[in-house]
Amino acid sequence: MTDLMIDIETLGTKPGSVILSIAAVEFDLKTGKTGSIFYQDIDLDSCVKQGLSIDVSTVLWWLEQPKEIQNTIIIGHRNQLKNVLRRFGMWISDNTPKDVKIWGNSARFDLGLLEAAYDSCNMRLPWNHYNECDVRTIVMFAPDIKKEMKFEGIKHNPIYDCKHQIRYCSKIYQTLNFPKDA
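Structure, rendered in C-alpha cells:
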C-alpha cells in the first residue's frame, strides 16, 4: 500500500496534548482499498508523566458526547505511551514502504500531536516530514463528496474515523481524474 491514514483521540487540540488512542490504516489512495490496521489505547497517567497536558475544554467536549462514544475512550486496556509509540514505529516499519504517504486530518493535528508525543519520549518520528499529507487539502477540491459521504461505524473511534477519511479522500481523488501514474 502507498498511503497510511492516521487518526488519534486526545484530551487537547495542541501539540503536547494527551493522546488517548492511535489508529492507522494502510490504503491505496487511487482505489480506496485498505490493508493492515494498527490500534492502541494509551494510559492517561503515562501521558501526563511524559509532560503531555489535558485541556479542560476538550474534556468537557468529550462529556457532551453520547455514552457510546465516551465508552470508546474509557473502556479498554491502556498501554504505556512509550510502548505504544515504539510499537507504532515498528508497525509502520514492518507494514509500509519507506516512502509511504502519511495522512492526517489535518496534518498539523494528528501528525503534529504525534510528533510532540514522540519528542516528549525522546523518540524519533517514524516517518519523514516530506511524506506528510493533509486530508483537509484534498477535501478543498471537492467538499461535497465529504459532506455527502455517510459515516459507517462509531464516530470518534479512530479506526472508523480512518476508514471514513480514506473513503472520501479516495473518492475525491478518483473524481478529480488524476492520471493513473500520478
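Using my numbering, you'd call the opening residue of the sequence shown number 3 and step up by one each time.
Every residue gets a Cβ at the ideal spot worked out from N, C-alpha and C, and that includes glycine.
| field | Nearest neighbour of R232, chosen from R88, L22, G106 and M125 [CA to CA] | value | The structure shown does not extend to residue 232, since the chain spans only 3 to 184, so no value can be given for it.
| message | Could you pull the DSSP bridge partners for W64 from this structure? | response | Indexing the sequence shown from 1 puts residue 64 at position 62. None; W64 has no bridge partner.
| query | How many whole angstroms separate the CB atoms of P128 and F153, which I take to be in contact at a CB cut-off of 8 Å? | reply | Looking up residue 128 in the sequence shown gives position 126. Looking up residue 153 in the sequence shown gives position 151. Going by Cβ atoms, the distance from P128 to F153 rounds to 29 Å, so no, they are not a contact pair.
| query | Would you call V141 buried or exposed, if buried means 16 or more other Cβ atoms sit within 10 Å of its Cβ? | reply | For this step, residue 141 is matched to residue 139 along the sequence shown. Looking at its Cβ environment, which holds 16 or more other Cβ atoms inside 10 Å, V141 is buried.
| request: Leaving aside the five residues before and after G37 along the sequence, list all residues of the same chain whose C-beta is less than 7 Å from its C-beta, in chain order. | output: Mapped onto the sequence shown, residue 37 falls at position 35. Once the five neighbours on either side are set aside, the close Cβ partners of G37 are M3, E28 and F29.
| Is E117 helix, strand or coil by DSSP? | In the sequence shown, residue 117 corresponds to position 115, counting from 1. Of the three classes helix, strand and coil, the one that applies to E117 here is helix, per DSSP.
| query | What do you get for N130, buried or exposed, if any count of 16 or more other CB atoms within 10 angstroms of its CB means buried? | reply | On the sequence shown, position 128 is the one that residue 130 refers to. Exposed.
| field | Cβ distance (whole Å) where L22 is taken to contact I56 below 8 Å | value | The residue given as residue 22 occupies position 20 in the sequence shown. The residue given as residue 56 occupies position 54 in the sequence shown. L22 to I56, Cβ: 10 Å. No contact.
| said: Pop quiz: V102 and N81 are said to be a contact at Cβ under 8 Å. What is the actual Cβ separation, rounded to whole angstroms? | reply: On the sequence shown, position 100 is the one that residue 102 refers to. On the sequence shown, position 79 is the one that residue 81 refers to. V102 to N81, Cβ: 23 Å. No contact.
| request: Would you mind reading off the limits of the beta strand (DSSP E) that contains E134? | output: Stepping through the sequence shown from its first residue, residue 134 is reached at position 132. Segment E134 to D136, the beta strand (DSSP E) holding E134.
| query | Going by C-alpha distance, which of P145, C171 and E117 is nearest G18? | reply | One-based indexing of the sequence shown puts residue 18 at position 16. For G18, the nearest C-alpha among the options comes from E117.
| task | May I ask you to report which of helix, strand or coil DSSP gives N73? | result | By 1-based counting over the sequence shown, the position of residue 73 is 71. Three-state DSSP puts N73 in a helix.
| Just the Cα atoms here: how many angstroms apart are C171 and A144? | Here residue 171 refers to the residue found at position 169 when the sequence shown is read from its first residue. Here residue 144 refers to the residue found at position 142 when the sequence shown is read from its first residue. Whole-angstrom Cα-Cα distance: 9 Å.
| Cβ pair D5, L31 closer than 7 Å | Residue mapping note: residue 5 aligns to position 3 of the sequence shown, counting from 1. Residue mapping note: residue 31 aligns to position 29 of the sequence shown, counting from 1. Yes. Within cutoff.
| query | Can you name the start and end residues of the beta strand (DSSP E) that I104 belongs to? | reply | Reading the sequence shown from its first residue, position 102 is the one you call residue 104. DSSP places I104 in the uninterrupted beta strand (DSSP E) bounded by K103 to G106.
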